[in-house]
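Residue 123 in our numbering sits at position 142 of the sequence shown, and the numbers go up by one each step.
Glycine residues also receive a C-beta, built at the ideal position from the N, C-alpha and C atoms.
Given the structure is predicted, the values throughout are model-derived calculations rather than measurements.
Have a look at the structure below, then the notes.
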Amino acid sequence: MHNPSPRNVLLIAGIISIGTVGIAILTPAARHAGGQQQSEADWKPVAEALGKSGQLQAGGVFRVAMPRTDLNVKVQGVDVKAGFALGSYAAFKKMGKDAMVMGDLVLLDEEVQDVMARLLAKGIAVTALHNHLNEMSPHVMYMHYSGRGDAVQLATSLREALSASATPLGQGPAAGGAAGGGPEIDQKQVEAALGRTGRVNNGVLQVSVARVERITENGMELLPAMGVNTALNFQPTGNGKAAITGDFVLIGREVNAVARTLREHGIQVTAVHNHALGDNPRLFYMHFWANDDAVKLARGLRAALDLTNRKKAEQGSK
-18 MHNPSPRNVL
-8 LIAGIISIGT
2 VGIAILTPAA
12 RHAGGQQQSE
22 ADWKPVAEAL
32 GKSGQLQAGG
42 VFRVAMPRTD
52 LNVKVQGVDV
62 KAGFALGSYA
72 AFKKMGKDAM
82 VMGDLVLLDE
92 EVQDVMARLL
102 AKGIAVTALH
112 NHLNEMSPHV
122 MYMHYSGRGD
132 AVQLATSLRE
142 ALSASATPLG
152 QGPAAGGAAG
162 GGPEIDQKQV
172 EAALGRTGRV
182 NNGVLQVSVA
192 RVERITENGM
202 ELLPAMGVNT
212 ALNFQPTGNG
222 KAAITGDFVL
232 IGREVNAVAR
242 TLREHGIQVT
252 AVHNHALGDN
262 PRLFYMHFWA
272 NDDAVKLARG
282 LRAALDLTNR
292 KKAEQGSK
């Protein structure tokens, strides 16, 4: 057998070394791509620990919706649906051997302190506590949180914290189309005015708009399913009208321009605040409310959207 010369040995060693470096460089990207190939079965232990099933979203985010269907809440006299303004959730994402979880909990005033105490005791950070809407009866607060560690343990800790509230877990009703017999809006006209398409979830038209920037939290990319998209929700209230709520995801220089534009179109600004502690760029969330002609309100929301650094609408939408 021919023995390689010293020069060839060095060359071979160099190739092996380069290949090893290449693997090290590609591993994070491969992990990210691998997230796309996960199945919901991979997250079954997490769902079982939390006591609520979820859905695997783009980028490997496992999102669990926990709407407060137990509450009957009015906002300025409108009975609001759970999927319209009462949507607790948890978003899990793999981080090497560990995982991170972040989300938002809808809580009655009397539930806040016990839930917070249990989250903090388990090492889950509370990153914000505030209102989203005004003139709510009963009054509810919104608690944002973030944690990192073993995914099943995070889910177990979250469930223990939620046991201090009446948040329904277990299997809830499946999401579907417009609720039968309720008021409706002209979805096509609303979408045309917005320049965006949405989906109907239990009678609520939900539209999501991503920002252009890459958004990170302590160096980790936050994906759309983790709550960093502008959310626009329409709940029909009769005669072509709709109540609207949601939040604009903004950077600092956009805040006041968007607030002025919303108010000029008859849309109330009900809260401005952060949801996270270490996001980059620094994001501000502007919540809003109105109850008026749905198409008119869609035009107002579109005017505000045009002031933000949002991604272009998909082909087929204006």
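Nearest residue (CA-CA) to residue i, options the options
i	options	result
V250	V45, L258, N272	N272
F65	E91, K293, G184	G184
G77	R129, D95, A98, E235	R129
A98	A142, I248, S127	A142
D90	Q187, Y123, G259	Y123
V230	H268, G281, G35, Q216	H268
H246	T289, A39, A279	A279
I244	L52, L175, A285, V121	According to the sequence shown, residue 244 is Arg rather than Ile. Nearest C-alpha to R244: A285.
I196	L175, V239, F265	F265
L114	Q94, V56, S146	V56
K277	H254, G221, V253, V61	G221
A336	F43, T137, A30	Outside the shown range of the chain, which is -18 to 299, sits residue 336, and nothing can be said about it.
S118	I105, L100, T242, V54	V54
Local conformation of residue i per DSSP, three classes
i	result
N199	coil
D131	coil
D23	helix
Q57	coil
D167	coil
V209	coil
T251	strand
S69	strand
K277	helix
R99	helix
G233	helix
A285	helix
Chain-order list of residues whose beta-carbon lies under 6 Å from that of residue i (same chain, five-residue window excluded)
i	result
H125	D85, T108, A109, H256
Sub-9 Å separation of residue i and residue j beta-carbons
i	j	result
S189	A212	yes
Q36	A46	yes
Y70	G208	yes
V133	P26	yes
D369	E198	Absent from the model: residue 369. The displayed extent of the chain is -18 to 299, so no value can be given.
L52	V87	yes
A145	E202	no
Paired residues, beta bridge with residue i - DSSP
i	result
F311	Because residue 311 is not part of the residues shown, which for the chain are -18 to 299, the question remains open.
A46	Y70
H268	D228, A252
8 Å Cβ shell around residue i - same chain, five flanking residues per side excluded
i	result
G219	P164
G151	G32, K33
Contacts around residue i, its chain only, beta-carbon distance under 7 Å, and the 5 residues preceding and following it disregarded
i	result
R49	A63, L67, S69, V87, T148
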